[in-house]
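Undergrad: In the working numbering, the protein residues as written are 1294 to 1585. C-beta: ideal position from N, C-alpha, C; glycine also. In this text the structure is predicted, and so the values were computed from the model without any measurement. Quick one: the structure is below, questions incoming.
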Amino acid sequence: MSDRIVSWHANPSIPRFVPPPGAVDAHCHVFGPQALFPFSAKAKYLPEDAGPEMLFALRERLGFSRNVIVQASCHGTDNAATLNAIAMSDGKARGVAVVDPAIDHDALCRLHDGGIRGVRFNFLKRLVDDAPKEMFLELAARLPAGWHVVVYFEADILAELRPFLDAIPVPMVIDHIGRPDVTQGPVGPDMQALRALLDSRPDVHVKVTCPDRLDAAGPPWDDFVRAVAPLVADYPDRCLWGTDWPHPNMQDAIADDAALVDMIPRIAPTATLQRKLLIDNPIALYWPECAT
């Protein structure tokens, strides 16, 4: 694998929607820079550099105040690039790490000191080679206080994963709505299965992200809106939102980030829903010391 890919818009426009002051982009990544933070030998894709300076410039352009930086799979379990971005953020970023399940207590404490507040368990076979459930559960049981687990999976394996998810002993965040088929609409089997998970325990959250990934019809992503807006309305205290910049593996369908931001009022049409989605819910998870 030698060709490095670009999966982000080179010059995103300014959104029409203005996020409320204090809004959090609760799902984004950094790539490299490779010269300082090499990609994993097991990486399934090799992106061009998309470092902290680019991320923070985009944050300002889109009108956000904070970022939650999720470790990108191309960096494997070496979280140095994510930690570097957090350190450069002047307190405006926190992170989610990917770790070896055998990580020791001292290493977890160092991640906490560096701004990490959760770990990600990835079940997408195209991105990872192994997802050892028993080891993940053992790790989840000894995470630092206040951490949570982020889980990424395809909708067609949710039923298979339920015993594992039900056993996770800390709060949980579901990435990208569990990747449902949004053409099924708000009451299709994929969304119903996700709602059943949300109803099963009060500490499950969901990122209502990535219309560009999940709605194959393309902009204006109407199927995504039809499927997701009712979820936000019914679970206003459980939903988070993020850009997913720099959009790993989306080089064949690069979205204007402003268009993604302009989806927010379509899935969260009231100021109350927008505040919960963009401020209250992510602050409670990642900056609980700032929660009101």
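Shortest alpha-carbon distance to glutamate 1346 belongs to which of Phe1330, Lys1335, Ala1378?
TA: For the residues Phe1330, Lys1335, Ala1378, the minimum Cα distance to glutamate 1346 belongs to Ala1378.
Undergrad: CB leucine 1430 to CB proline 1482, shorter than 9 angstroms?
TA: The answer is no: Cβ separation not under 9 angstroms.
Undergrad: Could you check which residue in Cys1532, Ala1350, Gly1325, Asp1342 has the C-alpha nearest to that of glutamine 1567?
TA: For glutamine 1567, the nearest C-alpha among the options comes from Cys1532.
Undergrad: Judging by CA-CA distance, which residue of Leu1490, Asp1555, Ala1564, Ile1450 is the nearest neighbour of alanine 1526?
TA: Checking every option, the nearest Cα to that of alanine 1526 belongs to Ala1564.
Undergrad: Quick check on this structure: which residue in Glu1447, Gln1485, Arg1435 has the alpha carbon closest to the alpha carbon of proline 1464?
TA: Minimum Cα distance to proline 1464 is reached at Arg1435.
Undergrad: So, is glutamine 1364 buried or exposed, given that buried needs 16 or more other C-beta atoms within 10 angstroms?
TA: Buried.
Undergrad: Below 8 angstroms on the Cβ atoms is my guess for proline 1308 versus leucine 1571; work out the distance and round it to an integer in Å.
TA: Actually they are not in contact, since the Cβ atoms of proline 1308 and leucine 1571 sit about 13 angstroms apart, beyond 8 angstroms.
Undergrad: Going along the chain, which unbroken runs of the beta strand (DSSP E) with 3 or more residues stay wholly within the segment 1327 to 1405?
TA: Qualifying beta strand (DSSP E) stretches, in chain order: 1359 to 1363, 1386 to 1390.
Undergrad: Identify the continuous beta strand (DSSP E) that holds isoleucine 1409 and give its terminal residues.
TA: Element bounds for isoleucine 1409: 1409 to 1415.
Undergrad: From what residue to what residue does the beta strand (DSSP E) around lysine 1500 run?
TA: Note, lysine 1500: beta strand (DSSP E), 1497 to 1500.
Undergrad: Given valine 1391, which residues of its chain have a CB within under 8 angstroms of its CB, disregarding the five upstream and five downstream residues?
TA: These residues qualify, in order along the chain: Gln1364, Ser1366, His1368, Gly1369, Thr1370, Asn1372, Val1412, Arg1413, Asn1415.
Undergrad: When we look at the beta-carbon of arginine 1494 and count the other beta-carbons within 10 Å, is it buried (16 or more) or exposed?
TA: So arginine 1494 counts as exposed.
Undergrad: Are there three or more Cβ pairs, one per stretch, closer than 8 angstroms when the segment 1324 to 1337 is compared with the segment 1544 to 1555?
TA: They do not touch, by the three-pair rule.
Undergrad: Give the straight-line distance between the Cα atoms of aspartate 1505 and histidine 1469, rounded to the nearest whole angstrom.
TA: Taking the straight line from one Cα to the other gives about 11 angstroms.
Undergrad: From which residue to which residue does the beta strand (DSSP E) around alanine 1319 run?
TA: Element bounds for alanine 1319: 1317 to 1321.
Undergrad: Tell me whether threonine 1585 is buried or exposed, calling it buried when 16 or more other Cβ atoms sit within 10 Å of its Cβ.
TA: Flag for threonine 1585 reads exposed.
Undergrad: Using three-state DSSP, classify valine 1443 as helix, strand or coil.
TA: Valine 1443: strand per DSSP, three-state reduction.
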